[in-house]
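Top line first, the protein sequences correspond to chains A and B. Its first residue numbered 7, the first sequence is counted upward by one per residue in my numbering. Its first residue numbered 7, the second sequence is counted upward by one per residue in my numbering. All C-beta atoms, glycine included, are put in the ideal place defined by N, C-alpha and C. One structure is given here, and the rest of the page talks about it.
2 protein chains.
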Amino acid sequence: MSQSLRRGLALLNALADGARTLDQLAETVGVHKSTAMRLLRSLEDEGFVHRPDSHRYKLGSALFDLANRALDDVEVREVAREHLRELGNRTGHTVHLAVRERDQVVYVDKVDSTRPVRMYSRIGARAPLHCTAVGKILMAGVPEESRREFVTALDRPALTAHTLTDERTLLEEVRRAADENCALDRGEHEEFVHCLASGVRDARGTIVAAVSLSAPKVLLDFDELLGWRDEVTATCERISAELGWWKD
Amino acid sequence: MSQSLRRGLALLNALADGARTLDQLAETVGVHKSTAMRLLRSLEDEGFVHRPDSHRYKLGSALFDLANRALDDVEVREVAREHLRELGNRTGHTVHLAVRERDQVVYVDKVDSTRPVRMYSRIGARAPLHCTAVGKILMAGVPEESRREFVTALDRPALTAHTLTDERTLLEEVRRAADENCALDRGEHEEFVHCLASGVRDARGTIVAAVSLSAPKVLLDFDELLGWRDEVTATCERISAELGWWKD
DNA sequence: CCTCCAATTGCATGTAACGCAATGGTTATT
DNA sequence: AATAACCATTGCGTTACATGCAATTGGAGG
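Here's what the structure looks like:
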């Protein structure tokens, strides 16, 4: 179904990690190079692909444009921006804003750490729900009646030695996240990084985003991280308030 | 050629200004709704489209991801980042980093003005070459032998009363931009905004990007703008130096 | 319970996309 | 300078794929 569209998208994905030549692209996508060329031509006409010179293909600006317009569409982002910056300044650590998309976390904004040792992350990056602090918060936002089912259905691969793969334990963590509006990731996603997250609610009380503070363990030990807890939840409450939510 | 791919991309464009329903989308791209649905399904599978609920389609996170990875690929961006920030802090006005893509300017980074009156712009946005300061600089980067031809071939619509539509005048401006590494836009793109730009060179001496300072005329009169000229060119020289260029 | 609106599926048709192989242009190699 | 290697591009014949239609399902609201 929509073979050529899928192939076109595959080409874009292939281009995501740098410029490629036609043959390489044809190869990685698994089509004849003439086919690849015709697809690329369409992509180029629409500005999704750019050719700096005749035998190199790169991603084009239509993509930047689209993505940034789409990010504008994430209303919470604009509201949160200033608050995230402030949290970043106060703590000096990396701050993320994340939303849920199906069974994944999507980072929609971030404030970089001011410390020399920075984590690598990128707006638009995605991560699993089960092993991230933001993920736990966002799962806590799933209506209680379907939450169990949702968590059960989730793929829960162990990404580090600390990843919670057990359904019961994870459900318990999510419940706690829901109660306390605070969740943790103790190196469950990346061995040497831990995070603390809290949720943002809109006017209807639905959790629409999560804010997290992350740092390499070498820079910030666990107790210090917990020490920022109230700052993080307060930030979320301020954002929620701007979105029209009143804490009952 | 690649009809379905083109249609798929058209769907993405249609989604760029907000969530839409299936029928609306089918309508705007001019296909039967069953066709639209099948295309959307492919887009959704690949994460380019997201359905928050069953009858709304939005742009998906694959797009954010792709775009931000592509932006990482613009090497000059990373190098420039800090310098732009500094220029922004020093001047308090909006700073843009732009590259050329065919016959357009693409903004790849920006630092927002600290003033209450902000201009609206967005990373990934595109603009014409002939009526922007960055555009003139980037055209100055076109090799001299083909420059005339390039400028001539350009569409030069008048966007404001001040837009230079005349080929000779524009060529002259571009030549001056090349000589002085400085170009101006006196409300030629947006009536009430003026800009000053300068170029960034890579190790081979090629102009790979332009840095501009923009402000609404009400905030900054023309002489004040010119007063920042040396700051802007110095910023570009620092960036160029980091890219391995030595001024001869 | 019925109505309305939007999403979805099955099916028959024809076109649009495909792979192939040959050509043309540019850059490296001897 | 000649040749090899690489990459992009085009014409062509074939068929798989995408399409529009019309009927069906599913949900929201009265």
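Taking residue i as the query, report the chain B residues whose CB atoms sit under 9 angstroms from its CB, ordered along the chain.
i: residue 74 of chain A; result: 70, 73, 128, 129, 130 and 131
i: residue 84 of chain A; result: Residues of chain B passing the Cβ test: none, with the nearest at roughly 12 angstroms.
So what's residue i in DSSP terms, helix, strand or just coil?
i: residue 130 of chain A; result: coil
i: residue 89 of chain B; result: helix
i: residue 242 of chain A; result: helix
i: residue 13 of chain B; result: helix
i: residue 219 of chain A; result: strand
i: residue 118 of chain A; result: coil
i: residue 82 of chain A; result: helix
i: residue 2 of chain A; result: There is simply no residue 2 of chain A to check, as chain A begins at 7 and stops at 254 in what is shown.
Under 7 angstroms Cβ-Cβ, which residues of chain B neighbour residue i?
i: residue 44 of chain A; result: 7 and 8
i: residue 157 of chain A; result: Residues of chain B passing the Cβ test: none, with the nearest at roughly 20 angstroms.
i: residue 243 of chain A; result: The contacting residues do not exist; residue 243 of chain A stays about 24 angstroms from chain B at best.
i: residue 150 of chain A; result: Result: empty, since nearest Cβ-Cβ is about 19 angstroms, beyond 7 angstroms.
I'd like to confirm the pairing. Which residues does DSSP put opposite residue i in its beta bridges?
i: residue 110 of chain B; result: B/107 and B/134
i: residue 64 of chain B; result: B/56
i: residue 100 of chain B; result: B/220
Where do the N-terminal and C-terminal ends of the beta strand (DSSP E) with residue i fall, by residue?
i: residue 29 of chain B; result: Note, residue 29 of chain B: premise wrong, no beta strand (DSSP E); alpha helix (DSSP H) at 28 to 35.
Could you tell me which chain B residues have their CB closer than 8 angstroms to the CB of residue i, listed as they occur along the chain?
i: residue 153 of chain A; result: Chain B residues near residue 153 of chain A: none, gap ~18 angstroms exceeds 8 angstroms.
i: residue 88 of chain A; result: Those do not exist, as residue 88 of chain A stays about 11 angstroms from chain B at its closest Cβ, beyond 8 angstroms.
i: residue 92 of chain A; result: What residue 92 of chain A touches in chain B: nothing, since even the nearest Cβ is about 15 angstroms away.
i: residue 230 of chain A; result: Near residue 230 of chain A there are no residues of chain B at all, since even the closest Cβ is about 28 angstroms away, more than 8 angstroms.
Between which two residues does the alpha helix (DSSP H) containing residue i stretch?
i: residue 153 of chain A; result: 150 to 159
i: residue 48 of chain A; result: 39 to 51
i: residue 7 of chain A; result: Neither: residue 7 of chain A is in no alpha helix (DSSP H) and is coded neither H nor E.
i: residue 249 of chain A; result: First-last for residue 249 of chain A: undefined, no H or E at that position.
i: residue 141 of chain A; result: 139 to 146
Give the interface partners of residue i over in chain A, defined as CB-CB distance under 7 angstroms, in chain order.
i: residue 39 of chain B; result: Going along chain A, no residue has its Cβ under 7 angstroms from residue 39 of chain B, so there is no contact; the nearest lies around 15 angstroms.
i: residue 18 of chain B; result: 72
i: residue 24 of chain B; result: 79
i: residue 67 of chain B; result: 107, 112, 130 and 132
Show which residues of chain A have a CB atom less than 8 angstroms away from the CB atom of residue i.
i: residue 56 of chain B; result: 107 and 108
i: residue 47 of chain B; result: 7 and 8
i: residue 64 of chain B; result: 76 and 79
i: residue 14 of chain B; result: 8, 11, 14 and 15
i: residue 117 of chain B; result: Near residue 117 of chain B there are no residues of chain A at all, since even the closest Cβ is about 13 angstroms away, more than 8 angstroms.
i: residue 237 of chain B; result: Within 8 angstroms Cβ-Cβ: nothing; residue 237 of chain B doesn't reach chain A, min ~25 angstroms.
i: residue 186 of chain B; result: Near residue 186 of chain B there are no residues of chain A at all, since even the closest Cβ is about 26 angstroms away, more than 8 angstroms.
i: residue 173 of chain B; result: Neighbours of residue 173 of chain B on chain A: none; closest Cβ ~26 angstroms, over 8 angstroms.
i: residue 178 of chain B; result: Going along chain A, no residue has its Cβ under 8 angstroms from residue 178 of chain B, so there is no contact; the nearest lies around 28 angstroms.
How would you list, in chain order, the residues of chain A whose beta-carbon sits under 9 angstroms from the beta-carbon of residue i?
i: residue 246 of chain B; result: Simply none; closest approach about 19 angstroms.
i: residue 196 of chain B; result: Within chain A, no residue comes near residue 196 of chain B; the closest Cβ sits about 18 angstroms away, beyond 9 angstroms.
i: residue 33 of chain B; result: Per Cβ cutoff of 9 angstroms: no residues; residue 33 of chain B is ~19 angstroms from chain A at best.
Fill in: Those runs of the alpha helix (DSSP H) which lie wholly inside the region 156 to 234 of chain B and span at least 4 residues
173 to 186 and 228 to 233
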